[in-house]
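Q:
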Amino acid sequence: MMKNLIAVVCFCWAVIGSAQETNEMNVERFSELKVFDGISVNLIPSDVNKLVITGEYAENVVAKNSNGTLKLRLGVTTLFKDHDTSADLYYSGPLSVLDVNENAKITSKETLKQVDLELRAQEGGEIQLDVALEILRIKVISGSTIGVTGRSTNQEVNVNTGGGYEAGNLETEQTDVKVNAGGYADIRASKYVNARVNAGGNINIYGKPGVIDQTKFLGGTIKEIQ
């Protein structure tokens with residue numbers, strides 16, 4: 000009986016240990032980040048560039064840097080498996096593009112402070128960030144979601160095919176927003192909005208901008224929220 004109990008305890012510790020697997024690796028400096036295969040990434044500004052990966056498949060994460068574009072994905076043997084794999088990504092320079100695919104996620108506990116930034120989400124990916132920018136560019140498709148708070152002087156938003164953009168608390172002066180095919184966007188601007196919807200898209204406008212130019216086609220809706 001005692002031997003069986005010890006065996007069970009050892010097995011449980013082995014399972015817990017594998018689930019908490021950690022993998023640390025240095026990466027070359029990058030400006031563009033693409034994440035795939037359901038990996039969750041937490042961005043941390045730093046003076047070094049490295050990955051600290053945790054989860055059952057931490058050792059199976061593949062990082063490839065090609066001309067400043069860092070791609071994170073799972074190895075072939077772990078594709079299509081349920082997993083909870085997370086990575087703290089330390090980066091030392093400004094980021095030009097953050098791109099999520101295949102249910103991957105990018106977040107940060109810090110405010111991203113730089114001149115401009117492009118965010119892309121597709122195939123169920125998600126991005127949640129606080130920013131301080133001059134120019135923000137957004138592209139969302141395929142049931143993905145991008146949520147942004149903070150401020151950006153200008154922003155350009157393109158939402159397609161059921162994508163969602165949640166930025167009702169992002170302060171901007173001017174916003175250009177286009178939503179198609181059942182997507183939605185919540186935006187805020189103080190001076191000017193150019194809003195276009197098509198094929199069932201929805202746009203909510205916050206901030207009481209001085210001028211709103213709007214175009215609606217095939218059932219789209221544009222609402223100014225007071």
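Count the sequence shown with numbering that gives the first Met the number 0 and you get residues 0 to 225, in order.
C-beta: ideal position from N, C-alpha, C; glycine also.
Remember, it's a predicted structure, so these values are computed and weren't measured experimentally.
Assuming contact is defined by CB atoms lying nearer than 8 angstroms, are residue 180 and residue 198 in contact in what I supplied?
A: The residue given as residue 180 occupies position 181 in the sequence shown. The residue given as residue 198 occupies position 199 in the sequence shown. It is a contact, given that the beta carbons lie within the stated cut-off.
Q: Taking Cβ positions, are residue 167 and residue 205 nearer each other than 8 angstroms?
A: Counting from 1 along the sequence shown, the entry for residue 167 is found at position 168. Counting from 1 along the sequence shown, the entry for residue 205 is found at position 206. For the pair residue 167 and residue 205, the CB atoms are nearer than the 8 angstroms cut-off.
Q: So residue 73 and residue 36 are supposed to be a Cβ contact under 8 angstroms. How far apart are they, rounded?
A: Taking the sequence shown and counting its residues from 1, the one referred to as residue 73 is at position 74. Taking the sequence shown and counting its residues from 1, the one referred to as residue 36 is at position 37. Sure, about 4 angstroms apart at Cβ, within 8 angstroms.
Q: In the DSSP assignment, find the beta strand (DSSP E) that holds residue 98 and state where it starts and stops.
A: Counting from one through the sequence shown, the residue named residue 98 turns up at place 99. Note, residue 98: beta strand (DSSP E), 96-99.
Q: Looking only at C-alpha atoms, which of 211, 101, 187 sits nearest to residue 33?
A: Taking the sequence shown and counting its residues from 1, one reaches residue 33 at position 34. Nearest option by C-alpha distance: 101.
Q: Out of 149, 26, 54, which has the shortest C-alpha to C-alpha gap to residue 82?
A: Looking up residue 82 in the sequence shown gives position 83. If we check each option's Cα against that of residue 82, 54 comes out closest.
Q: Our contact map puts residue 158 next to residue 182 with C-beta atoms below 8 angstroms; I'd like the distance itself, whole angstroms only.
A: Taking the sequence shown and counting its residues from 1, one reaches residue 158 at position 159. Taking the sequence shown and counting its residues from 1, one reaches residue 182 at position 183. Indeed they touch by this definition, with Cβ atoms about 4 angstroms apart.
Q: Suppose contacts are defined by Cβ-Cβ distances below 8 angstroms. Is residue 132 in contact with residue 114 by that definition?
A: Translated into positions along the sequence shown, residue 132 becomes position 133. Translated into positions along the sequence shown, residue 114 becomes position 115. Yes. Within cutoff.
Q: Within the same chain, show all residues whose beta-carbon is closer than 7 angstroms to that of residue 211, passing over the 5 residues directly before and after it, in chain order.
A: For the purposes of this step, residue 211 is taken as the residue at position 212 of the sequence shown. So the list reads 192, 194, 204, 223, once near-sequence residues are dropped.
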